[in-house]
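Working notes for the structure below.
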Amino acid sequence: MFFGFIPWKCVYMGKKKVRKLRGSKTHGYGSKKKHRGKGSRGGRGYAGSSKHRRSYIVKYEKNHFYHKKLKPKRKLKTINVSDLGELLREGQKKINLIELGYEKLLGSGTAPKEIVVVVGKCTAKAREKIESAGGKVIIAEKTSRKKQEKNPTEEAAGKESEKSE
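Per the working numbering, residue 3 is the first one in the sequence shown, and the count goes up by one each step.
Structure follows, in structure tokens:
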């Protein structure tokens, strides 16, 4: 209780606003040494997660160190229909874009002339433009290096068996 002092009369002012744990020496923390900053609990945050707090991490946060890693999007090497004329030599009617390192044919520009294009992927617009110019688009699978390495040995084995017969 608090009585305010006013010279002509003594008035009851009500309870004090701040009265929590007054008179308590440690304010609910036990001994003084238990409330001494972050040193009392082994460091702040995940300090010691690979040292003294390892058993806690292993027991309660099993997936803490095993985040799913994001992979960057793979970009295709592309070429436009308008750029095909630069790759063609005189008298050449067939062009293999897979051998040149291109993966997809896009439909920007105009087709140069009647040509046969071998490519891994092709947009509908690009196919339409080449076919309207009298050409043809062949979609072929890109063979991996492993398959290319295996094929010559298989062919050689096949030739040896033919010779022995």
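Backbone N, C-alpha and C fix where the C-beta goes; we use that ideal spot for every residue, glycine too. Being a predicted model, the structure only gives us computed values, none of them experimental.
- Any idea if Gly25 is buried or exposed, counting beta-carbon neighbours within 10 angstroms, 16 or more meaning buried? As a working note, residue 25 is residue 23 in the sequence shown. Counting Cβ neighbours within 10 Å, Gly25 comes out exposed, since fewer than 16 surround it.
- Query: So the alpha helix (DSSP H) Lys131 belongs to, where does it begin and stop?
  - Reply: One-based indexing of the sequence shown puts residue 131 at position 129. 126 to 134 is the extent of the alpha helix (DSSP H) around Lys131.
- Taking the alpha-carbon positions, what's the Lys127 to Leu102 distance? Numbered from 1 along the sequence shown, position 125 holds the residue referred to as residue 127. Numbered from 1 along the sequence shown, position 100 holds the residue referred to as residue 102. Using only the alpha carbons, I get a separation of about 21 Å.
- Between which two residues does the beta strand (DSSP E) carrying Lys70 extend? Taking the sequence shown and counting its residues from 1, one reaches residue 70 at position 68. First-last for Lys70: undefined, no H or E at that position.
- Task: Going by CA-CA distance only, name the one from Lys75, Lys70, Tyr48 that's closest to Tyr62.
- Result: Translated into positions along the sequence shown, residue 62 becomes position 60. Of the listed residues, the one whose Cα sits closest to Tyr62 is Tyr48.
- Following the continuous beta strand (DSSP E) through Ile97, name the residue where it begins and the one where it ends. On the sequence shown, position 95 is the one that residue 97 refers to. Looking at the DSSP string, the run of the beta strand (DSSP E) that includes Ile97 is 96 to 98.
- Message: Is it buried or exposed, Arg56, if we count other Cβ atoms within 10 angstroms and call 16 or more buried?
- Response: Mapped onto the sequence shown, residue 56 falls at position 54. Its Cβ having fewer than 16 others within 10 Å, Arg56 is exposed.
- Task: Report yes if the CB atom of Glu105 is closer than 8 Å to the CB atom of Thr80, and no otherwise.
- Result: By 1-based counting over the sequence shown, the position of residue 105 is 103. By 1-based counting over the sequence shown, the position of residue 80 is 78. Contact: yes.
- Query: Can you give the beta carbon distance from Val121 to Ile141, rounded, assuming they're within the 8 Å contact cut?
  - Reply: Numbered from its first residue, the sequence shown carries residue 121 at position 119. Numbered from its first residue, the sequence shown carries residue 141 at position 139. Val121 to Ile141, Cβ: 7 Å. Contact.
- Message: If you measure between the beta carbons of Ala113 and Leu78, is that distance less than 8 Å?
- Response: Taking the first residue of the sequence shown as 1, we reach residue 113 at position 111. Taking the first residue of the sequence shown as 1, we reach residue 78 at position 76. No, they are not a contact pair.
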